[in-house]
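Take a look at the structure set out below.
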Amino acid sequence: MYQPPNRLTHVLPTRSYERALRSQPTHPLLAGPTSTYIAYGLIAAGNVLVLSSMWALGVTGTYLGDYFGILMDHKVESFPFSVTDAPMYYGSTLSFLGYALWMGKPAGILLTLEVLLVYRIALSYEE
25 MYQPPNRLTH VLPTRSYERA LRSQPTHPLL AGPTSTYIAY GLIAAGNVLV LSSMWALGVT
85 GTYLGDYFGI LMDHKVESFP FSVTDAPMYY GSTLSFLGYA LWMGKPAGIL LTLEVLLVYR
145 IALSYEE
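Heads up, the sequence shown is in the numbering used here, so the first residue is 25 and it goes up one at a time.
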């Protein structure tokens, strides 16, 4: 099923990602409480990056700038842009990785690496 691009997908893993992971085997090393706590931390950190970048950019910078060429007056340099130039991409990647660990799925870690690769390619065009 087609999912149109949406900035909310940076916060929550997509349904197709979740569906793909559900059918994969879990690994015993990823099924313990330590892995779960790490997963919670990664998901929280990822969501902080994504949501704070949406707050810093506002509605215009988050949703309209890419599509309508509405650019901000100045470069945003406050948190989370003081940590990374691409907080939505890296925050989303952390959320995907956290979700994979939370579910205990090694395939999710590989999918997260693929997501990161695609984001890095996108960043190379944006910079």
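Heads up, the beta-carbon is just placed ideally off N, CA and C, and yes, glycines get one too.
Closest Cα partner of residue i within the set the options
i	options	result
residue 24	127, 120, 143 and 74	Limits of the chain in this structure are 25 at one end and 151 at the other, which puts residue 24 out of reach.
residue 108	137, 94, 76 and 132	76
residue 99	118, 81 and 60	81
residue 54	68, 127 and 149	127
residue 49	59, 132, 150 and 58	132
Contacting residues, own chain, Cβ-Cβ under 8 Å from residue i (five flanking each side not counted)
i	result
residue 62	122 and 125
residue 146	113
residue 111	73, 74, 76, 77, 104 and 105
residue 117	70, 136, 139, 140 and 143
residue 60	125 and 126
residue 149	none
Residues near residue i in its chain [Cβ-Cβ closer than 6 Å; skip 5 each side]
i	result
residue 130	51
residue 136	120, 121 and 124
residue 85	96
residue 30	Reliability of the predicted coordinates at residue 30 is poor, the pLDDT of 44 falling under 50, and the value obtained from them is presented with this limitation in mind. There are no such residues.
residue 66	118, 121 and 122
residue 101	none
residue 45	127, 129 and 132
Counted within 10 angstroms of its Cβ, other Cβ atoms place residue i as buried (16 or more) or exposed
i	result
residue 83	exposed
residue 142	exposed
residue 134	exposed
residue 115	buried
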